[in-house]
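Down below is the structure, laid out as structure tokens.
Protein chains: 2
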Amino acid sequence: MTYSKAFDPVFSALADPTRRAVFERLALAPTSVGALAETLPVSRPAVSQHLKVLSDAGLVSVRQDGTRRIYAIEAERLHDLRTWLDRMWGDALTAFSEAAEKDQAK
Amino acid sequence: MTYSKAFDPVFSALADPTRRAVFERLALAPTSVGALAETLPVSRPAVSQHLKVLSDAGLVSVRQDGTRRIYAIEAERLHDLRTWLDRMWGDALTAFSEAAEKDQAK
DNA sequence: CTTTTGAGTAAGTCATGACTTACCGTAAGC
DNA sequence: GCTTACGGTAAGTCATGACTTACTCAAAAG
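Chains as they are written, first to last, in my numbering: chain A, 112 to 217; chain B, 112 to 217.
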């Protein structure tokens with residue numbers, strides 16, 4: 112029923128504007144923590160914390176490269192999100208057409 | 112550039128589990144405030160407040176019906192969300208294929 | 001016109017979470 | 001072996017926001 116509970120970390124991760132900026136930046140190219148922090152109005156530790164949240168939500172993955180850690184988008188979660196959206200869309204359309212039928216029946 | 116700023120109210124609205132439950136319920140059928148509150152573990156005023164957030168985000172609309180107010184999903188915002196998702200998806204794919212090309216070049 | 005039903009608003013509480021600075025660990029470079 | 005670069009972690013602050021109860025308002029019913 113409410114199997115959207117699994118999406119909880121995903122939605123709450125994407126809710127924060129800074130975090131969504133990080134995510135959108137990673138969609139363009141895998142990037143190191145320091146490089147991300149340079150272009151954002153927050154400190155490097157803040158970026159680290161955001162990346163942890165995104166990582167826990169399964170939205171990004173890490174790869175070690177020397178002393179750097181390169182973060183990248185995890186496409187699978189994006190796909191999950193689209194599935195949820197499609198379900199909402201389908202449900203809404205069904206509800207609309209059922210309402211239309213009732214109107215017809217009058 | 113960071114035109115995702117417009118999505119801020121949408122994502123933060125969907126971040127709350129209770130609010131997402133309300134939204135998913137509305138996707139199945141337009142519903143009154145009281146009917147929503149009955150099936151949720153929170154008070155009716157809480158539902159009212161959630162509906163205000165969803166409404167401000169453009170995710171739902173209201174229709175008056177006697178003393179009741181019937182809330183329904185606003186499909187347009189759903190479509191906007193999908194557009195954002197598709198862009199993320201496209202960006203990520205491009206980034207991946209570019210990375211692959213660089214690997215080839217080695 | 002009063003009563004009842006349905007719902008938004010006010011005000012206050014309490015938890016969460018987005019930051020900061022300070023510190024600690026680890027991999028490369030000399 | 002030190003030192004430097006890069007990042008994660010700890011601890012504390014401050015704002016936001018998800019609730020609650022109490023109230024106010026509006027529409028229909030009697």
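By construction, the Cβ of each residue, glycine as well, lies at the ideal position given by its N, Cα and C atoms.
Output the distance between the C-alpha atoms of R188 of chain B and H161 of chain B, rounded to the nearest integer angstrom. 17 Å
With distances taken Cα to Cα, identify the nearest neighbour of T178 of chain B among B:F134, B:K116, B:T194 and B:S143. B:S143
The alpha helix (DSSP H) that contains S166 of chain A, what's its start and end? R155 to D167
Could you tell me if R155 of chain B is buried or exposed, where buried requires 16 or more neighbouring beta carbons within 10 angstroms of its beta carbon? exposed
When DSSP labels each residue in this structure, what does T113 of chain A get in the three-state scheme? The predicted model places T113 of chain A with a pLDDT of 45, which falls under 50 and marks its position as unreliable; any figure quoted below should be read in that light. Here T113 of chain A sits in coil by DSSP.
Which bits of chain A does S123 of chain B rub up against, with CB to CB less than 7 Å? A126
State buried or exposed for R136 of chain A, treating a residue as buried only when at least 16 other CB atoms are found within 10 Å of its CB. buried
So K116 of chain B contacts chain A; which residues on that side make the cut at Cβ distance below 8 Å? P128
Leaving out five residues before and five after R131 of chain B in sequence, what residues of the same chain have Cβ atoms less than 8 Å from its Cβ? L125
Can you tell me whether A148 of chain A is buried or exposed, with buried defined as 16 or more other CB within 10 angstroms of its CB? buried
Whole angstroms is fine: what's the gap from A168 of chain B's alpha carbon to D197 of chain B's? 20 Å
Report the option in B:S123, B:A140, B:K116 and B:K163 whose CA atom is closest to the CA atom of E209 of chain A. B:A140
Do V158 of chain A and S166 of chain A have their C-beta atoms within less than 8 Å of each other? no
Along chain B, in chain order, which residues have C-beta atoms closer than 9 Å to that of D119 of chain A? A126, P128 and R131
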